[in-house]
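Data first, discussion second: the structure below is written as C-alpha cells.
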Ligand SMILES: Cc1cc2nc3c(=O)[nH]c(=O)nc-3n(C[C@H](O)[C@H](O)[C@H](O)COP(=O)(O)O)c2cc1C
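In this note's numbering, the protein residues as written are 1 to 166.
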C-alpha cells in the first residue's frame with residue numbers, strides 16, 4: 001500500500017474537529033497557552049471516563065503533553081472554522097496572538113484555555129501514553145465536561161476539507 005492510498009482511504013472517514021489546548025508554565029514569565037487542531041480524538045471509556053487524542057511526535061503539543069498532564073478539548077462548532085485553520089498552521093513560533101484574538105475561559109481543573117462558543121468542552125488529565133508509529137496516543141481521564149452551546153452544528157473534516165452538516 002502506498003502513502004497516497006492510505007491518505008485517500010482515510011480522508012473518506014468523516015471526523016469532528018477539536019481544539020486541544022494546554023498551558024505551558026515554563027514558557028516566558030507568565031507561561032503560555034498552546035493549541036492544536038485535531039481530528040484524531042475519540043471517547044474511550046465511560047467508567048472511568050476516558051478520552052484519547054493522537055499527537056504527532058515532535059510537534060509542539062507532543063513536547064508539551066510530555067510534561068503537562070493537564071489539557072483540554074473544545075469540540076468546534078461550524079462557526080469556528082477559522083479557529084481550526086489557525087491552530088493547524090505548521091511551524092508556528094507562538095500561539096499567544098492566536099489566543100489573544102479569540103474568546104476563551106480558563107478551565108478550573110487544568111488551567112487550559114477553553115474556546116467560548118464550542119459545542120462542548122472537556123478538561124482532562126493524562127493517564128497513559130502509548131507510542132504508535134509517528135504519533136503518541138494520549139489517553140486521559142475526563143475531569144470535567146460541559147456542553148454549553150445548545151445551538152449550532154459541528155465542524156467536520158472530510159476529503160481534505162472542512163465541512164458542516166446540512
Ligand atoms: C483537520 C486537521 C486535523 C488534524 N488532526 C491532527 C491530529 O489529530 N493530531 C495531530 O497531531 N495533528 C493533527 N493535525 C495537525 C496539527 O494541527 C498541526 O500539525 C499543528 O497544529 C502544527 O503544529 P506543529 O508544527 O507543532 O506540528 C491536524 C490538522 C488538520 C488541518
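We treat Cβ as the ideally placed atom computed from N, Cα and C, and that holds for glycine.
Check                                                                                                                                                  : Outcome
For residue 35, which residues in the same chain have their Cβ closer than 6 Å to its Cβ, ignoring the five residues on either side in sequence?       : 19, 21, 87 and 95
Is residue 82 near ligand 1, judged by its Cβ being under 8 Å from some heavy atom?                                                                    : no
Would you check if the distance between the CB atom of residue 167 and the CB atom of residue 118 is smaller than 9 Å?                                 : This structure leaves residue 167 out entirely; the chain is present only between 1 and 166.
What is the DSSP secondary structure of residue 6, counted as helix, strand or coil?                                                                   : helix
Rounded to the nearest angstrom, what separates residue 58 and residue 140 at their Cα positions?                                                      : 20 Å
Would you say the stretch 25 to 32 touches the stretch 71 to 83, given that touching needs at least three Cβ pairs under 8 Å?                          : no
Which residues in the same chain have their Cβ closer than 7 Å to the Cβ of residue 56, if we skip the five residues on either side of it in sequence? : 62, 134 and 135
With a threshold of 8 Å (Cβ to nearest heavy atom), would residue 118 be considered close to ligand 1?                                                 : no
I need the DSSP call for residue 158, collapsed to helix, strand or coil.                                                                              : strand
When every heavy atom of ligand 1 is checked, does at least one fall within less than 8 Å of the C-beta of residue 7?                                  : no
Does DSSP put residue 109 in a helix, in a strand, or in coil?                                                                                         : coil
What are the start and end residues of the beta strand (DSSP E) that includes residue 13?                                                              : That residue, residue 13, is in no beta strand (DSSP E); it is neither H nor E in DSSP.
Please indicate yes or no: does the CB of residue 37 lie closer than 8 Å to some heavy atom of ligand 1?                                               : yes
Is the Cβ-Cβ distance between residue 84 and residue 17 less than 9 Å?                                                                                 : yes
I'd like to confirm something about residue 77: is its beta-carbon nearer than 8 Å to some heavy atom of ligand 1, or not?                             : no
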